[in-house]
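Residue numbering for the sequence shown follows the UniProt record's numbering, beginning at 1 and increasing consecutively.
Heads up, the beta-carbon is just placed ideally off N, CA and C, and yes, glycines get one too.
Just so you know, these numbers come straight off a predicted model, no measurement behind them.
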Amino acid sequence: MSALSGIIDRFGKTTIRQALQGTTAEKRANAVQKLGREIRSAQMTEAEQAFALTLMDRICADVSALVRRALSVTLQNSPNLPRQIARTLIADIDSIAVPILSSSPVLTDDDLMDVLNSKAAEKIRAIAQRHTLNLHISHAIVSFGDGMATARLAANDGALISSDTAELIAELHADDDLIREAALSRHDMPPTVIAKLIEHSTDKIDVVLKTYPGVSDTRAAQISQNTGERARSFVIGEDWPEDRLRDYARSLDKSGKLTPRLVLRSAGRGDMRFIIAALSVLAGQTIEKTRLMVMSSTGLGVKAVALRARFTVPQIELLTACIQTYLSVERENRALTPSHFQLTVAERLLSLELNWPEEVSTDLLDILDAHAGLRRVA
């Protein structure tokens, strides 16, 4: 026993006695919290670890959930929590299992899979919040969990999501606004899935609008189409690499959604990177060649590539005006943030005497209104 006298003195004989034999659950839980704070950062010998293990095993057998939860909460982030104790705690009721499942570094993938296979909803939601999750576990969460678990997974940047898992999310939860929003905000969501989620959203808008009195089917289709185009344009991240932009353009083209109207919306926002990717897909040529043609100061290159992309003459005129305005602002070398650069482009485009289609003018006015609102707030 002399080998353990140091750790017993450190933990405190009174605290140990209270943790195991306290007359009320509150007294035992308070003592367990004190023990947990000592255990979670202690440097212990093998003999001391064995003693701590026996102590925690006794605590796990306490009839009071309050006492067992005190152990779970206090040691949820500690590498000193023995795995066998962690497994006992995650098999307990939700309030005791959740802290360990969401945070404990001692659990293995096999431990997590055992819980996932049980299909216990609250426990699966806890796993979805872990700091890191591999592809296999993420897929299992979507397969066995409910919508809330999938939403938490989609919002968890530390969770790796494969293309198959992303497709499964889109298939099972495309109607869930929370999941769709979280999925669309992820940097690793495959472009094909992004396109599919947006298309599902616009279809849903069309169906809902047709139930409103006084809204014709034609008007409902027009509103959902405009909404979809705006979403497809605005979902593009500023940090998307070139290959991701091209994959997104290809997925839109495959579904018939990569239209001149969509390209014009992006042009009105000054999003040259997507314009180049989209035109390269529509014209069937490389991004490098398209970039040279689009960024040519004469404007002849963009007209040529737009013709190959099957733009009409008025659409080519509008596209050329957008790009020339962009190049003009760029030559001034003004130190503008991306949003204010976009505002400047929009202001200049609206000052031109061109016959803008309604959907393009609306998009540009939306940009101006947003910035006006920001100025009022400031």
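* **For Ile300, the nearest candidate out of Pro314, Glu288, Arg331, Gln324 (CA to CA)** => The question names Ile, but residue 300 is Leu in the sequence shown. If we check each option's Cα against that of Leu300, Gln324 comes out closest.
* To do: Consult DSSP for Leu168 and reduce its assignment to one of helix, strand or coil.
  => In the three-state reduction of the DSSP assignment, Leu168 falls in the helix class.
* **6 angstroms Cβ shell around Leu66 - same chain, five flanking residues per side excluded** => Ala25, Ala29, listed in sequence order.
* Asked: Using a Cβ-Cβ cut-off of 7 angstroms (strictly less than) and excluding sequence neighbours within five positions of Arg250, which residues of its own chain qualify?
  -> Val281
* To do: Under 8 angstroms Cβ to Cβ from Thr312, same chain only, skipping five residues before and after it: list those, please.
  => Contacts found: Pro260.
* Would Gly6 be called buried (16 or more neighbouring beta carbons within 10 Å of its own) or exposed? -> exposed
* Asked: Where do the ends of the alpha helix (DSSP H) carrying residue 444 lie?
  -> Absent from the model: residue 444. The displayed extent of the chain is 1 to 378, so no value can be given.
* Just checking, does the segment 204-217 make contact with the segment 149-161 on the three C-beta pairs under 8 angstroms criterion? -> no
* **Local conformation of Thr202 per DSSP, three classes** => helix
* Tell me where the alpha helix (DSSP H) around Arg186 begins and ends. => It is not in any alpha helix (DSSP H) - Arg186 carries neither H nor E in the DSSP assignment.
* Does DSSP put Ala159 in a helix, a strand or coil? -> strand
* Go to Val329, then tell me how far its alpha helix (DSSP H) extends in each direction, as first and last residue. => Run containing Val329: 313-331, per the alpha helix (DSSP H) assignment.
* Using CA coordinates, which residue listed in Ser103, Ala91, Gln129, Ile96 is at the minimum distance from Asn117? -> The candidate whose alpha carbon is nearest that of Asn117 is Ala91.
* To do: Count the CB pairs spanning the segment 43-58 and the segment 75-91 that are closer than 8 angstroms, and state whether there are at least three.
  => yes
* Asked: What's the call for Asp175, buried or exposed, on a 16-neighbour Cβ count within 10 Å?
  -> Exposed, by the Cβ-count rule.
* **Leu374, DSSP secondary structure in three states** => Residue confidence for Leu374 is low, a pLDDT of 44 falling below 50, so the modelled location carries little weight; the figure read from the coordinates is stated next. Three-state result, Leu374: helix.
* DSSP puts Leu133 in a beta bridge; with which residues? -> Ala159
* Quick one, which of Gly268, Ser328, Leu279 has its alpha-carbon nearest Glu358's? -> Gly268
* Going by alpha carbons, who is nearest to Ala86 out of Val305, Ser72, Ser64? -> Ser72
* Three-state class that DSSP yields for Asn226 in the structure shown -> helix
* Taking one C-beta from the segment 216-227 and one from the segment 176-196 each time, how about it: are there three or more such pairs within less than 8 angstroms? -> Because the criterion of three Cβ pairs below 8 angstroms is not met, the segment 216-227 and the segment 176-196 do not touch.
* To do: Determine contact between the segment 136-149 and the segment 172-187, defined as no fewer than three beta-carbon pairs at a distance below 8 angstroms.
  => yes
* Segment limits, alpha helix (DSSP H) that includes Pro99 -> Looking at the DSSP string, the run of the alpha helix (DSSP H) that includes Pro99 is 94-103.
* **Through-space distance from Lys119 to Ser104, alpha-carbon basis** => 20 angstroms
* Tell whether a beta-carbon distance below 9 angstroms holds between Glu238 and Ile287. => no
* **Where Asn30 falls: helix, strand or coil (DSSP)** => helix
* Asked: For Glu238, which of helix, strand or coil comes out of DSSP?
  -> coil
* In angstroms with no decimal places, state the Cα-to-Cα distance between Ala182 and Ser296. => Taking the straight line joining both Cα atoms gives about 39 angstroms.
* Beta-carbon proximity list for Val32, same chain, < 6 angstroms, skipping 5 on both sides -> Ala19, Ile59, Val67, Ala70, Leu71
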